[in-house]
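Undergrad: Just passing along the structure, written as structure tokens.
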Amino acid sequence: MRRIVIPRPPTPPLPRIQDHAVFSAAGSVWALLVGMGLLLLGNGLQGSLLGVRAAEESFGSTVTGVVMSGYFVGFLIGSQIAPRTIRRVGHLRVFAAVAALASIAILLQSLFVTPTVWALMRVLTGYCLASAYIVTESWLNDRVTNEHRGGLLSVYMIVSYFGMGGGQLLLNTGDPVAHELFILVSVLISFAAIPILFSITPQPVQEAPERLGAPALYRISPLGVFGSFSTGILQGAVFGMGAVYGRTAGLSVGQISVFMFILIAAPALAQWPIGKLSDRMDRRKVITGLAAFGAIASLVAILVTGTWPRLLVYLAAAIGVGPMLLYSLFIAYTNDHLRAEQMVAASSTLILVFGIGATLGPSTAGILMDAFGPTGFLVLLAGAQTGIVAFALHRMRITRTGPVEAQSPWSTNPARTAALSPALAEVAAETADESATTAAGAEAADTAPGGHGTAADEDDTGSPGQPEEPGR
256 MRRIVIPRPP TPPLPRIQDH AVFSAAGSVW ALLVGMGLLL LGNGLQGSLL
306 GVRAAEESFG STVTGVVMSG YFVGFLIGSQ IAPRTIRRVG HLRVFAAVAA
356 LASIAILLQS LFVTPTVWAL MRVLTGYCLA SAYIVTESWL NDRVTNEHRG
406 GLLSVYMIVS YFGMGGGQLL LNTGDPVAHE LFILVSVLIS FAAIPILFSI
456 TPQPVQEAPE RLGAPALYRI SPLGVFGSFS TGILQGAVFG MGAVYGRTAG
506 LSVGQISVFM FILIAAPALA QWPIGKLSDR MDRRKVITGL AAFGAIASLV
556 AILVTGTWPR LLVYLAAAIG VGPMLLYSLF IAYTNDHLRA EQMVAASSTL
606 ILVFGIGATL GPSTAGILMD AFGPTGFLVL LAGAQTGIVA FALHRMRITR
656 TGPVEAQSPW STNPARTAAL SPALAEVAAE TADESATTAA GAEAADTAPG
706 GHGTAADEDD TGSPGQPEEP GR
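When we follow our numbering, the leftmost residue of the sequence shown carries the number 256, and every step to the right adds one.
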């Protein structure tokens, strides 16, 4: 009996009203976005301010690196403790408390300019900001539906990148040796609490996530775990020692602010096309190419550091591409090898691995800068990205890639030193749940009696019973 195939009608364009749905969703959580923007402005200014001031006070690169690593130690502590604290006392109380503590911490650093006090205050600041990020991001994630979550997160990414980058430009508004910029950081962090504390939206319910340890995750995706650790080193070095490098390389305070702004914010323009490219080919090739480009850019910067330091401002975007963009690709690559119910736990583990790398980044950069001068910073960036290239090529040699169609959708992720929140992991899990449901429905329709498979489905059948494990 001959089958009659009725062609599907063309998919109509989405109605115009949906173009404004994301902005409507953003408007409903404007207090969270404004508060996060102010918080990121203060945090962005704080990192560069302390780096420049430490160089002016002749702390030494190694000591400065250890001091700046304190932030990531505190961030790791906060990312583990804050969810339990939030479940116990609530989002608003946690945010109010940590905003006050972070404001006090930066003021104490302006009064007591010693490495010991600064290191302790950096740990406290890291703890406070990790808690604040988890409060705002989990609240943001709770207040939107699945339909508009992706678009709203894109808005959040813009706020994240340009908030952190814009904070670098505020370095021009005062003298790093005086107290004014320290007070400005305190004011920005304090103001960040105001719109959130006056928000009348209901607080989200915080649930305890399941666990997936690093050894188990490494067995699932060695490249994902290794890459997350290496990217943590890269971002820790950039945020912790980027301004110190600029100062020791001969840049003025104004040039440092522009250098850091471009280093952090400019790669955001490439995040979307790079991510979409990785959805259309073996993601490991995109990771390898991006890391190789970043390593080459760092090596070129080494050549001009001692001769034409002003060229570093023009090279900043190329230097920042790898450190700022690789983490999103490693998250997507790891998700390619996970079940939907594993993604939240896996993301929390990747955050922990990333945070350990970020803790080591500033201190390692400081040691190298003491050994090789300011170019030690670039040596670390080039070396870490070369390591990513070598490990990715090794994995590509011993394992084959799976079909591109089976890859999980890439999604934007902020610079993780700006936001190490497990809340964003829920987005990946929900997206995967929806994709799995859709795929299951399509498969059921194709395999049901009377269903129709495509020509590709018929021609692309492999030998049953001999599946090959996709590349990991």
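Each residue gets a CB set at the ideal place from its N, CA and C atoms; glycine is no exception. These figures come from a predicted structure and were not determined experimentally.
Just to check my reading of the structure: Ala447 and Leu294 have Cβ atoms closer than 8 Å, yes? What is that Cβ distance to the nearest angstrom?
TA: Right, the Cβ-Cβ distance comes to about 4 Å (below 8 Å), so this counts as a contact.
Undergrad: Between the Cα of Cys383 and the Cα atoms of Val368, Glu392 and Val353, which residue gives the shortest distance?
TA: Of the listed residues, the one whose Cα sits closest to Cys383 is Val353.
Undergrad: The alpha helix (DSSP H) spanning Ala235 covers which residue range?
TA: The displayed coordinates of the chain run from 256 to 727. Any statement about residue 235 would go beyond what the structure contains.
Undergrad: Going by DSSP, what residue range makes up the alpha helix (DSSP H) through Phe330?
TA: Start and end: Ser316 to Val344.
Undergrad: According to DSSP, is Thr619 part of a helix, a strand, or is it coil?
TA: DSSP places Thr619 in helix when its eight states are reduced to three.
Undergrad: In chain order, what residues of the same chain lie with their CB nearer than 7 Å to the CB of Ala351, ignoring the 5 residues before and after it?
TA: So the list reads Ala448 and Leu452, once near-sequence residues are dropped.
Undergrad: Taking 8 Å as the CB-CB limit, is Gly491 close to chain D?
TA: The structure shown contains no chain D; it is built from a single protein chain.
Undergrad: My output table needs one value for Ser313: the three-state DSSP class, helix, strand or coil.
TA: Of the three classes helix, strand and coil, the one that applies to Ser313 here is coil, per DSSP.
Undergrad: Whose C-alpha, out of Pro617, Gly621, Ala587 and Gln526, is nearest the C-alpha of Asp580?
TA: It is Leu, not Asp, that sits at residue 580 in the sequence shown. Minimum Cα distance to Leu580 is reached at Gln526.
Undergrad: Counting only the same chain and skipping the five closest in sequence on each side, list residues whose C-beta sits under 6 Å from that of Leu593.
TA: Cβ within range, chain order: Ala601.
Undergrad: Could you compute how far the alpha carbon of Gln510 sits from the alpha carbon of Pro470?
TA: Their Cα atoms are separated by approximately 43 Å.
Undergrad: Spatial neighbours of Met624 within its chain, please: CB distance less than 6 Å, with the 5 preceding and 5 following residues excluded, ordered by chain position.
TA: Excluding positions up to five away in sequence, the list reads Ser316, Gly631 and Phe632.
Undergrad: Closer than 8 Å is the cut-off here; do at least three beta carbon pairs connect the stretch 362 to 372 with the stretch 336 to 351?
TA: No, the stretch 362 to 372 does not touch the stretch 336 to 351.
Undergrad: Below 7 Å, is the gap between the Cβ of Pro528 and the nearest heavy atom of the ligand MG?
TA: This structure simply doesn't include the ligand MG, nor any ligand for that matter.
Undergrad: Would you grab the beta carbon distance between Asn298 and Gly422 for me? Rounded to a whole angstrom, and I think it's under 8 Å.
TA: Yes, they are in contact, since the Cβ atoms of Asn298 and Gly422 sit about 6 Å apart, within 8 Å.
Undergrad: What span of residues does the alpha helix (DSSP H) with Asp534 cover, start to end?
TA: Counting along the chain, the alpha helix (DSSP H) containing Asp534 begins and ends at Ala523 to Asp534.
Undergrad: Between Val493, Ala572 and Val568, which lies nearest to Phe548 when the distance is taken from Cα to Cα?
TA: Of Val493, Ala572 and Val568, the residue nearest in Cα terms is Ala572.
Undergrad: Output needed for Val289: all residues of its chain with C-beta closer than 6 Å, excluding positions within five of it in sequence on either side, in chain order.
TA: Within the same chain, Val289 has close Cβ partners Pro450.
Undergrad: In whole angstroms, what separates the C-alpha of Pro522 from that of Thr391?
TA: Those two C-alpha atoms are separated by around 24 Å.
Undergrad: Taking His649 as part of the alpha helix (DSSP H), name the residues at either end of that continuous run.
TA: Per DSSP, His649 belongs to the alpha helix (DSSP H) from Thr630 to Ile653.
Undergrad: Under a three-way DSSP split, which group does Pro564 fall into?
TA: Coil at Pro564, not helix or strand.
Undergrad: Mapping the DSSP letters down to three states, classify Leu439 as helix, strand or coil.
TA: In this structure, Leu439 counts as helix in the three-state DSSP scheme.
Undergrad: In whole angstroms, what is the alpha-carbon distance linking Val499 and Val555?
TA: Cα to Cα, Val499 sits roughly 19 Å from Val555.
Undergrad: Helix, strand or coil: which one does DSSP assign to Gly306?
TA: Helix at Gly306.
Undergrad: Take Arg377 and list the residues in its own chain whose beta-carbon comes closer than 7 Å to its own, dropping the five residues that flank it on each side.
TA: Val322, Met323, Gly325, Tyr326 and Gly329, listed in sequence order.
Undergrad: Can you give me the Cβ contacts of Ser445 inside the same chain, cut-off strictly under 8 Å, excluding the 5 residues immediately before and after it?
TA: If we look at Ser445 and ignore the five residues flanking it on each side, its Cβ neighbours are Ala354, Ala355 and Ser358.
Undergrad: With DSSP collapsed to three states, give me the class of Ala504.
TA: Reduced to three states, the DSSP call for Ala504 is coil.
Undergrad: Excluding sequence positions up to five away, which residues of its chain have a Cβ less than 8 Å from the Cβ of Leu532?
TA: The residues are Val541.
Undergrad: Excluding the 5 residues preceding and the 5 following Ala639 in the sequence, name in chain order all residues of the same chain whose CB lies nearer than 6 Å to its CB.
TA: Once the five neighbours on either side are set aside, the close Cβ partners of Ala639 are Ser485, Ile488 and Leu489.
Undergrad: Which word fits Thr614, buried or exposed, when buried means at least 16 other C-beta atoms lie within 10 angstroms of its C-beta?
TA: Buried.
Undergrad: Can you tell which of Gln597, Ile519, Thr619 and Pro564 has its C-alpha closest to the C-alpha of Pro578?
TA: If we check each option's Cα against that of Pro578, Ile519 comes out closest.
Undergrad: Output the distance between the C-alpha atoms of Ala433 and Ala620, rounded to the nearest integer angstrom.
TA: When rounded, the distance between both Cα atoms is 26 Å.
Undergrad: Whole angstroms are fine: how far does the CA of Leu545 sit from the CA of Tyr588?
TA: Taking the straight line from one Cα to the other gives about 14 Å.
Undergrad: In whole angstroms, what separates the C-alpha of Leu675 from that of Pro477?
TA: Residue placement at Leu675 cannot be trusted, given a pLDDT of 44 that sits under 50; what the coordinates show is reported in the next sentence. So the two alpha carbons sit approximately 21 Å from each other.
Undergrad: Measuring straight from C-alpha to C-alpha, what distance separates Ile389 and Ser334?
TA: Their Cα atoms are separated by approximately 8 Å.
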